Amino acid sequence: MRKSNNVYLGEANGKAKTTGLIWILIVAIINLSGLSFANSSSEVRSSAAFTINTTNISTPISASTTTAFTPTITRKPSTTPTAIITDTSKITFTQAQTPTSIRTSTITSCLAKSVDVVLVIDRSGSMQGQPMEEAQRAARNFIELTQLQSDQVGLVSFSDSARLDQQLMQSESVIKQGIDNLQALGETNIASGIAQAQMELTSSRHNPLATRVMILLSDGRPTAGNTLATAQVTKQAGIRIITIGLGSQIDEDLMRSIASVESDYYPVPDASDLVTVYQAIARTLNCVTPIRTPIFTSTTASDTPVVHGQSVTTTEDTEDTPKAIIPSPTNVPVPPSTFSSWTATILGILVGVIVTFLLTPIYQRFIGSALPIAYNIAVLGFRGAGKTTIITSLFGEIFARKVTGVGFEATLTGKNTIERLNKNLERLQRGFSLGPTTDQDMFAFRTNIRQKRFLFQRTYKVEIGDFDGKDSEKYTEETIDWLHDQPLFKWAVDADGLIFIIDMGKYLNPKGRKDYIARMTSAIRAAWQNFVDSIEGGEKAARRLPVVLAFHKMDLIERIGKSKSSSKIQTLIASLGYGKEVPEVIVLDIDVINRFESVIEADFSELIQFLRAESKTFTIVYTSCFGIVNDNRLGLFELLKSVLPK
Amino acid sequence: MARRRKKLSSRTLWLMVHLGGPVFPLVIKSLIRYISYPRLRFDILDASDLALISVFIWLFVRQSLIDKEITLVNDDKKEELRTCVNGCFGGAIVFFAFYLLMEVFTTLVEGLHQTNNQPSLDITKWLVFVSFVVSMLVIFRIQQSFKLKARI
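Listed below in structure tokens is the structure:
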């Protein structure tokens, strides 16, 4: 018996999307900051294969003294002189004695990755003179080789304690100035230098997308601090440590242990070779795999270790005769993702969507159930219109489980509501009316409504306010300020749905019918206008609210039958109660009701047109608490459905 | 009688006062950090400040719930409100604990150079960030559940 006029577009639809958007935003931020796909730790991907094309093979460089590393090529090319190194743990460090030629090797792939480097330079007393000068020269040269458009370089020096000479930055001149200011004096506290550099690399200046590297140069044995423990913590923090041991006084085992991996230790007996070593390191820092070769060979005396890098043996070569020397390709941090930033962002958004779909039900299950969304329904009607009876009967239907399985489930909640409803229902069953609601009786009947849609569900805490009918009548008053103080008004302007009740008992009385129609039209229009005037969001917000015009006590139409005598009808209505007693429940003939609908709508046409124009979701419902159609009380379910969020 | 219109409460205003207001200084701080070093990263948000701000947010929400006027009689609703008030206080305590942890770890790592506490500091930071996001979602829901509004 419900006539739906417009499609309701409730606010409920947007809320799941909001949660989703929040997640997508979070994931996108994580991606942008490089925390999702870009692991900035100096992870060594030993399984990463890279290809080296060797050309210009000439006389092999002899390798009489192989010190640190042994190159092993595990996958040998068949025809072309190409070596694919998969196991980088055994690459040889070569000391060339009499280099006779240079072999050029080209690395075919090199994925650039920005680097944050902190140069940690020993400025203890033993560095005075040429070592310090060479170290400064090498450091300056190193800075020139770094890509300061994307990379950052910092400077830490240590003697008795460490100090941050230059924080991570991209200004070549400023860093060089810091290098020039270094003066050698004091003890050797390597631990403090490492700790200081680590702090800088974990500070807010660090670019999360960049690999963190510190290059430690020292010429002596530590005299203070727990060097190994500090280095261990630094490495655990994902910072790659490259060590350079200068001179012969160095504790090689310690320096090797400090380094992230063995091949990150560079012994340099002669300070004049520092520049070359720093150059070699600089060229490898930005790459997943080394950049172009040749890197360098030495022309110095045979007993001077001048070359640092790995010798690579190709198919034609034997392991005894390394032919080419390239900078250490091992242990170069591999970017954790080979995706472009756009791909990563798109993937991030996709992950965000998936996470949203997975987490939203969990969120709704726990937070949504514990904190249901409040949804208030205001029932407005004059005294004796049957507001409390209709609310009680509505909840009676929920009790009887007659409003389940139709898109939502309603369950009663709250001790107070249950007690009051049972009391009211008992009174109605005994045949007594509920009587007019007084200020003391005003109550918010509550129920939880759960709507399910696909994987998602939304729980609403529906409150239906029961007020004194005389409050509704005051809506017609002109003194709006006074109306603002009414509890009903305060509550109603905050409501999410409105039900206007029209009493059929008064309408059916031929004597006052015209007056009643005029009064109700005026009262409801005024109530609506007051409502629109006061609601947050004004007319626009009001138009979205579900509004129901309920023609109540429809059972009276059938009870009166074909009686046309005014006095007879009056007597009949009076005898039917809605005073102290309520009538018996009867089965209604739906055809009789349908016939009357057009007559009623014609009489209230002005009001109906007004509400239809004002509200997008206006609905007319014919209800009865004591008339049954198809085993349900007439129109109660439709009433609830019309006013609830869609 | 002349019509005088009262300004009504507003949900947006409530969110601005209870969430936007406390977070505003942090936004300014982050903005300054970003301007001084224009890289988008999580570190521009100070986790320690965020934890302390979250404490205030929870206390403000708690106060708003206490001040919530219940127009209609229903003791169930009052009880629900009281439970939520206690929950908000719990939220404030949790974030205060985060704040203390952040301060302790930051002092250990940055002040005393005990870098072995760096992982603990990082974990606490992440906990603060994640908890803050969850808190915001819960507070939004609290607002919806109790129709909290602010009045000027």
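Quick note, the sequences are listed as chains A and Z, same order.
Numbering of the first sequence is given in our numbering, commencing with residue 1 and proceeding in unit increments.
Numbering of the second sequence is given in our numbering, commencing with residue 647 and proceeding in unit increments.
Idealized CB from N, CA, C, for every residue including glycine.
Given the structure is predicted, the values throughout are model-derived calculations rather than measurements.
Round the Cβ separation of A:Val621 and A:Ala542 to the nearest angstrom and send it over; I've been treating them as touching at under 8 angstroms.
Translated into the one-based positions of the first sequence, residue 621 of chain A becomes position 621. Translated into the one-based positions of the first sequence, residue 542 of chain A becomes position 542. Not confirmed; about 20 angstroms, so no contact.
Please give me, in chain order, every unbroken run of the alpha helix (DSSP H) with length at least 4 that falls completely inside the segment 353–441 of chain A.
Here the runs fully enclosed are 387–399, 415–429.
Closest to Z:Val719 by C-alpha separation, out of A:Ile281, A:Leu488, A:Ala613, A:Arg612, would be which residue?
Walking along the second sequence from the start, residue 719 of chain Z turns up at place 73. When each option's Cα is compared against that of Z:Val719, the closest is A:Leu488.
Closer than 8 angstroms, CB to CB, is Z:Arg679 near chain A or not?
What you label residue 679 of chain Z is simply residue 33 of the second sequence in a count that begins at 1. By this cut-off, Z:Arg679 is an interface position.
Minimum Cβ-Cβ distance from Z:Asp695 to chain A less than 8 angstroms:
By 1-based counting over the second sequence, the position of residue 695 of chain Z is 49. Not an interface residue.
Go through its chain and collect everything with a Cβ distance to Z:Leu665's Cβ below 8 angstroms, but skip five positions before and after it.
Within the second sequence, the letter at position 19 stands for residue 665 of chain Z. Excluding residues within five positions, the ones whose Cβ falls inside 8 angstroms are Ile703, Met782, Ile785.
Alpha helix (DSSP H) segment containing A:Pro546, residue limits:
To locate residue 546 of chain A, count along the first sequence from 1; it is residue 546. Counting along the chain, A:Pro546 falls outside any alpha helix (DSSP H), and DSSP gives it neither H nor E.
Pull out every residue of the segment 377–390 of chain A whose Cβ sits closer than 7 angstroms to any Cβ of chain Z, in chain order.
none
Can you name, in chain order, every residue of its own chain whose Cβ lies under 7 angstroms from the Cβ of A:Ile143, other than the five neighbours on each side?
Residue mapping note: residue 143 of chain A aligns to position 143 of the first sequence, counting from 1. Close CB contacts of A:Ile143 within its chain, under the 7 angstroms cut and outside five residues either way in sequence, are with Val153, Glu172, Ile175, Lys176 (chain order).
A:Ala518 by DSSP, collapsed to three states: which one?
In the first sequence, residue 518 of chain A corresponds to position 518, counting from 1. A:Ala518: helix per DSSP, three-state reduction.
Assumed close pair A:Thr227, A:Leu254 - CB separation to whole angstroms, cut-off 8 angstroms:
Taking the first sequence and counting its residues from 1, one reaches residue 227 of chain A at position 227. Taking the first sequence and counting its residues from 1, one reaches residue 254 of chain A at position 254. Yes, A:Thr227 and A:Leu254 are in contact; Cβ-Cβ is about 7 angstroms, under 8 angstroms.
Are the segment 693–711 of chain Z and the segment 728–735 of chain Z in contact at 8 angstroms, needing three or more beta carbon pairs?
yes
Test item: CB-CB of A:Asn416 and Z:Asp721 under 8 angstroms
On the first sequence, residue 416 of chain A is found 416 positions in, with the first residue counted as 1. On the second sequence, residue 721 of chain Z is found 75 positions in, with the first residue counted as 1. The answer is yes: Cβ separation under 8 angstroms.
Counting contacts by CB-CB distance shorter than 8 angstroms, is A:Ala542 in contact with chain Z?
Translated into positions along the first sequence, residue 542 of chain A becomes position 542. No, A:Ala542 lies away from the interface with chain Z (no Cβ there is under 8 angstroms from its Cβ).
Backbone secondary structure at Z:Gln789 - three-state DSSP
Within the second sequence, residue 789 of chain Z is the residue found at index 143, counting from 1. DSSP places Z:Gln789 in helix when its eight states are reduced to three.
At least one CB of chain Z closer than 8 angstroms to the CB of A:Glu187: is that the case?
Start at 1 with the first residue of the first sequence, and residue 187 of chain A comes out as number 187. Interface flag for A:Glu187 against chain Z is unset, since no Cβ pair is found closer than 8 angstroms.
Which chain A residues sit within Cβ distance under 8 angstroms of Z:Phe792?
Within the second sequence, residue 792 of chain Z is the residue found at index 146, counting from 1. Ala374, listed in chain order.
If contacts are defined as beta-carbon pairs under 8 angstroms, then A:Asp151 and A:Val120 qualify, I think. What distance do you get, rounded to the angstrom?
As a first step, residue 151 of chain A is located in the first sequence; it is residue number 151 there, counting from the start. As a first step, residue 120 of chain A is located in the first sequence; it is residue number 120 there, counting from the start. Actually they do not touch by this definition, with Cβ atoms about 16 angstroms apart.
Could you name the residues that DSSP lists as bridge partners for A:Gln457?
Along the first sequence, read from residue 1 onward, the residue named residue 457 of chain A stands at position 457. A:Gln457 pairs with A:Lys452.
Please classify Z:Met662 as buried or exposed, where buried requires at least 16 other C-beta atoms within 10 Å of its C-beta.
Within the second sequence, numbered from 1, the residue matching residue 662 of chain Z stands at position 16. The residue is exposed, with fewer than 16 neighbouring Cβ atoms inside 10 Å.
Give me, in chain order, the residues of the same chain whose beta-carbon lies closer than 8 angstroms to that of A:Ser248; leave out the 5 immediate sequence neighbours on both sides.
Position 248 of the first sequence holds residue 248 of chain A. Excluding sequence neighbours, A:Ser248 sits near Pro269.
Would a C-beta distance cut-off of 8 angstroms place A:Leu651 and A:Val547 closer than the cut-off?
Since the displayed chain A opens at 1 and closes at 646, residue 651 of chain A lies outside it and no answer follows.
Terminal residues of the alpha helix (DSSP H) in which A:Gln196 lies:
Residue mapping note: residue 196 of chain A aligns to position 196 of the first sequence, counting from 1. Annotation for A:Gln196: the continuous alpha helix (DSSP H) segment containing it runs 190–201.
Alpha-carbon to alpha-carbon, A:Ala492 and Z:Lys793
Within the second sequence, residue 793 of chain Z is the residue found at index 147, counting from 1. Within the first sequence, residue 492 of chain A is the residue found at index 492, counting from 1. Going from the Cα of Z:Lys793 to the Cα of A:Ala492 covers about 13 angstroms.
Quick check on DSSP: helix, strand or coil for A:Gln267?
For the purposes of this step, residue 267 of chain A is taken as the residue at position 267 of the first sequence. The question names Gln, but residue 267 of chain A in the sequence shown is Pro. A:Pro267: strand per DSSP, three-state reduction.
Who are the Cβ neighbours of A:Arg205 in its own chain at under 7 angstroms, not counting the five residues just before and after it?
Looking up residue 205 of chain A in the first sequence gives position 205. The answer, listed in chain order, is Gln167, Leu168.
Cβ shell of A:Ile593 (< 7 angstroms), same chain only, five flanking positions each side left out:
The residue labelled residue 593 of chain A in the question sits at position 593 within the first sequence. These residues qualify, in order along the chain: Met1, Met554, Ile557, Tyr622.
Considering only the beta carbon of each residue, do A:Ile377 and A:Phe408 sit closer than 8 angstroms?
Indexing the first sequence from 1 puts residue 377 of chain A at position 377. Indexing the first sequence from 1 puts residue 408 of chain A at position 408. No, they are not a contact pair.
Are A:Ala138 and A:Leu274 close, meaning C-beta to C-beta below 8 angstroms?
Position 138 of the first sequence, counted from the start, is the residue given in the question as residue 138 of chain A. Position 274 of the first sequence, counted from the start, is the residue given in the question as residue 274 of chain A. Yes, Cβ-Cβ distance for A:Ala138 and A:Leu274 is below 8 angstroms.
CB A:Gly220 to CB A:Ser126, shorter than 8 angstroms?
Working through the first sequence from its first residue, we reach residue 220 of chain A at position 220. Working through the first sequence from its first residue, we reach residue 126 of chain A at position 126. Cβ atoms of A:Gly220 and A:Ser126: closer than 8 angstroms.
On the CB-based measure, 16 or more other CB atoms within 10 Å of its CB, does A:Arg420 come out buried or exposed?
On the first sequence, residue 420 of chain A is found 420 positions in, with the first residue counted as 1. Label assigned to A:Arg420: buried.
Does the CB of A:Glu581 have a neighbour CB from chain Z at under 8 angstroms?
Residue 581 of chain A sits at position 581 when you count from the first residue of the first sequence. No, A:Glu581 does not count as interfacial toward chain Z.
Near-chain Z residues of the segment 215–249 of chain A (beta-carbon distance less than 9 angstroms), N- to C-terminal order
Ala229, Thr230, Gln232, Val233, Thr234, Gln236, Ala237
For the candidate residues A:Glu187, A:Val213, A:Gln128, A:Asn207, whose alpha-carbon lies nearest to that of A:Leu155?
The count along the first sequence starts at 1 and reaches residue 155 of chain A at position 155. For A:Leu155, the nearest C-alpha among the options comes from A:Val213.
CA-CA distance, A:Ala271 and A:Leu216?
Residue numbering aside, residue 271 of chain A sits at position 271 when the first sequence is read from its first letter. Residue numbering aside, residue 216 of chain A sits at position 216 when the first sequence is read from its first letter. Looking at the backbone, the Cα of A:Ala271 and that of A:Leu216 are separated by about 14 angstroms.
Opposite A:Thr211 in the DSSP bridges: which residues?
Here residue 211 of chain A refers to the residue found at position 211 of the first sequence. Paired residues: A:Val115.
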